[in-house]
Amino acid sequence: MNTVIFLIRKYVEFKHEISIDAEGDPFQYSHDLEMRLHELSSLSKFIRVFQCMDGTEKVEHWLPEFVDYHRTLSGKTEECRVSSNNRELRDRLIIAQALGCLDRFCVAVFAGNGFGAWYRQCQVEVTKESREVYKAVLNYIYKGDYANADIALSDIDDRSLSEKDLKQIKHELKSSLNKLMKDTKSIVNWLDGKIEREEDNRNQVTIMKENIDKVQIVLNKEGLLELLDDKTQNDLRSFDNGINEQLSKISSKGLRSIKDFMNADSFSEAEQGMENLSCVQRELAGYYTSNFVADESEVRKKSDSIVSDISKRYDSEDINSDAANPPKDLLAKLKQVAAHGGARFNQAFTSTLGKIRQNFSQAIESVRGAPLDKRSAKIRSLNSALCFLPEDLQAPFKLQNDELSKLLADEENTQKRNLNIALI
Numbered sequence: 245m246n247t248v249i250f251l252i253r254k255y256v257e258f259k260h261e262i263s264i265d266a267e268g269d270p271f272q273y274s275h276d277l278e279m280r281l282h283e284l285s286s287l288s289k290f291i292r293v294f295q296c297m298d299g300t301e302k303v304e305h306w307l308p309e310f311v312d313y314h315r316t317l318s319g320k321t322e323e324c325r326v327s328s329n330n331r332e333l334r335d336r337l338i339i340a341q342a343l344g345c346l347d348r349f350c351v352a353v354f355a356g357n358g359f360g361a362w363y364r365q366c367q368v369e370v371t372k373e374s375r376e377v378y379k380a381v382l383n384y385i386y387k388g389d390y391a392n393a394d395i396a397l398s399d400i401d402d403r404s405l406s407e408k409d410l411k412q413i414k415h416e417l418k419s420s421l422n423k424l425m426k427d428t429k430s431i432v433n434w435l436d437g438k439i440e441r442e443e444d445n446r447n448q449v450t451i452m453k454e455n456i457d458k459v460q461i462v463l464n465k466e467g468l469l470e471l472l473d474d475k476t477q478n479d480l481r482s483f484d485n486g487i488n489e490q491l492s493k494i495s496s497k498g499l500r501s502i503k504d505f506m507n508a509d510s511f512s513e514a515e516q517g518m519e520n521l522s523c524v525q526r527e528l529a530g531y532y533t534s535n536f537v538a539d540e541s542e543v544r545k546k547s548d549s550i551v552s553d554i555s556k557r558y559d560s561e562d563i564n565s566d567a568a569n570p571p572k573d574l575l576a577k578l579k580q581v582a583a584h585g586g587a588r589f590n591q592a593f594t595s596t597l598g599k600i601r602q603n604f605s606q607a608i609e610s611v612r613g614a615p616l617d618k619r620s621a622k623i624r625s626l627n628s629a630l631c632f633l634p635e636d637l638q639a640p641f642k643l644q645n646d647e648l649s650k651l652l653a654d655e656e657n658t659q660k661r662n663l664n665i666a667l668i
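For the sequence shown, the residue numbers in my numbering are 245 to 668.
Here it is, written out as structure tokens:
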């Protein structure tokens with residue numbers, strides 16, 4: 245009787261502990277139940293004792309319980325398969341495997357289709373499906389789709405994966421990520437010297453951003469990280485900072501190039517370079533932080549003040565200084581960049597042209613008022629300065645200068661005649 249009472253208690257306890265929400269080892273509970281059923285079966289040899297304890301009735305009562313649980317478990321398992329709820333499916337298969345020990349006590353009702361048979365049938369299908377998922381994981385890795393690779397990996401039962409398959413996944417994941425990091429660094433190196441010169445870096449920058457995002461995805465997926473060796477994990481963690489440092493150096497180099505263009509009055513190149521660099525920096529917002537903020541601020545400030553800086557060059561009325569700073573070359577460059585929509589350079593062109601015209605006009609007037617003996621030197625100085633003017637200014641000022649030369653010659657001739665008359 246004690247065996248029966250213990251068996252009943254063990255079965256009630258088992259029905260709770262064998263559920264997928266319970267903690268513990270289902271195989272241990274199924275083993276305990278199997279032992280009690282074996283004891284009960286052994287008592288059947290003692291007919292009188294078995295009759296007194298109503299053993300037959302108890303067995304007939306429990307057999308439908310096992311059949312009903314088999315039906316419920318198989319139904320739930322099938323639902324998991326259809327809905328692709330693989331985690332719960334694995335848990336239910338573990339239960340089916342654990343309950344396989346009951347099959348020999350339920351031969352009459354299961355007829356070879358008990359818990360064990362159901363487990364083996366499902367396990368074959370799960371293994372087949374895991375193989376398909378394994379192929380899908382590799383395909384996602386080949387495409388660099390690490391987010392979906394992680395999702396697919398979570399659907400694979402580790403026990404259904406062979407050591408060879410797992411090793412292959414690890415190898416492909418490592419190779420894919422190493423290639424991704426190498427390709428990204430190649431793009432960054434390609435930008436060196438081009439970041440301020442190329443008008444369209446967008447495709448390269450887009451690929452670089454996508455690759456940086458992919459590295460971050462892997463770093464946030466514990467399942468993927470666990471498949472990688474320590475060195476690859478460390479490479480991934482240091483990847484972002486390494487790219488940021490490279491981009492900072494390249495941007496700083498680009499800024500120096502733009503600054504050199506400005507100092508050489510290559511306004512068109514400087515303007516285009518600043519536009520290209522700004523475009524790349526906007527594209528990389530959130531991906532890159534400059535380590536040379538002071539340099540960038542200095543160049544942008546110089547670019548913003550370029551109109552006033554140019555105007556100050558010709559504040560002096562001394563046209564002899566034009567040889568060191570030929571206005572002809574400067575105005576040609578300003579005109580070129582203004583023609584491409586540079587409004588502020590158009591302003592600088594107009595302002596500079598006005599100052600040069602004013603300075604030359606004042607220089608001509610100063611010749612008119614100069615003593616006769618000093619006019620010739622001043623006129624020669626004007627003639628020398630004329631070659632530094634743009635062509636559209638040279639003609640009118642040359643005409644005025646020629647008039648001054650003629651006037652000077654006339655006055656000198658008159659002075660000579662007057663001097664000769666006075667000496668007679």
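Even for Gly, the Cβ is constructed at its ideal location relative to N, Cα and C.
- Taking 4 residues as the shortest admissible run, the segment 378-417 contains the following complete alpha helix (DSSP H) segments, listed from N- to C-terminal end: 390-398.
- When the five nearest sequence neighbours on each side are left out, the beta carbons in the same chain lying within less than 7 Å of the beta carbon of Y531 are those of K453, I456, in order along the chain.
- Closest option to A361, judged by alpha-carbon separation, among E373, L643, L337: L337.
- Within the model, the alpha-carbon separation for E332 versus N357 is close to 22 Å.
- Judged by DSSP in its simplified three-state form, R441 adopts coil rather than helix or strand.
- Three or more Cβ pairs closer than 8 Å define a contact, and the segment 516-530 falls short of that threshold against the segment 472-487.
- Residue burial annotation: C324 is buried, with at least 16 other C-beta atoms found within 10 angstroms of its C-beta.
- By the CB criterion at 8 Å, I385 and L435 fall outside the cutoff.
- Distances from the alpha-carbon of I550 to those of D335, A514, Q477 put A514 closest.
- Judged by DSSP secondary structure, D573 falls within the alpha helix (DSSP H) whose first and last residues are 571-582.
- Relative to Q448, the option among L463, K465, S430, Q460 whose CA is nearest is S430.
- Separation of L575 and R612 (C-alpha to C-alpha, rounded to the nearest whole angstrom) is 28 Å.
- Secondary structure at D347: helix, using DSSP grouped into helix, strand and coil.
- Sixteen is the threshold: since fewer than 16 other Cβ atoms of the shown chains lie within 10 Å of the Cβ of R364, the residue is exposed.
- Boundaries of the alpha helix (DSSP H) around C523: 511-527.
- Taking D394 as reference, the option from Q490, R441, I461, S419 with the minimal CA-CA separation is I461.
- Under the three-state reduction of DSSP output, L424 falls in the helix class.
- If you ignore the 5 residues before and after L578, its C-beta comes within less than 6 Å of the C-beta of F589, A592, F593, all in its own chain and listed in chain order.
- Secondary structure at A639: helix, using DSSP grouped into helix, strand and coil.
- P571 counts as buried, since no fewer than 16 other beta carbons sit within 10 angstroms of its beta carbon.
- For Q490 and S496, the gap between their C-alpha atoms comes out near 10 Å.
- Going by beta carbons, N627 and N603 fall outside the 8 Å limit.
- Here Q659 is exposed. Its C-beta has fewer than 16 other C-beta atoms within 10 Å.
- Between A380 and the set V370, E369, N392, the nearest pair of CA atoms involves N392.
- Of the candidates L397, D335, T450, V326, the residue whose Cα lies closest to the Cα of R526 is T450.
- Between the C-alpha atoms of K503 and S649 there is a straight-line separation of about 44 Å.
- Look at P615 here: in three-state DSSP terms it is coil, with no helix or strand label.
- Sequence-distant Cβ neighbours of R481 in its own chain, meaning closer than 8 Å and more than five residues away, are L463.
- In this structure, E540 lies near S534, with their beta-carbon atoms less than 8 Å apart.
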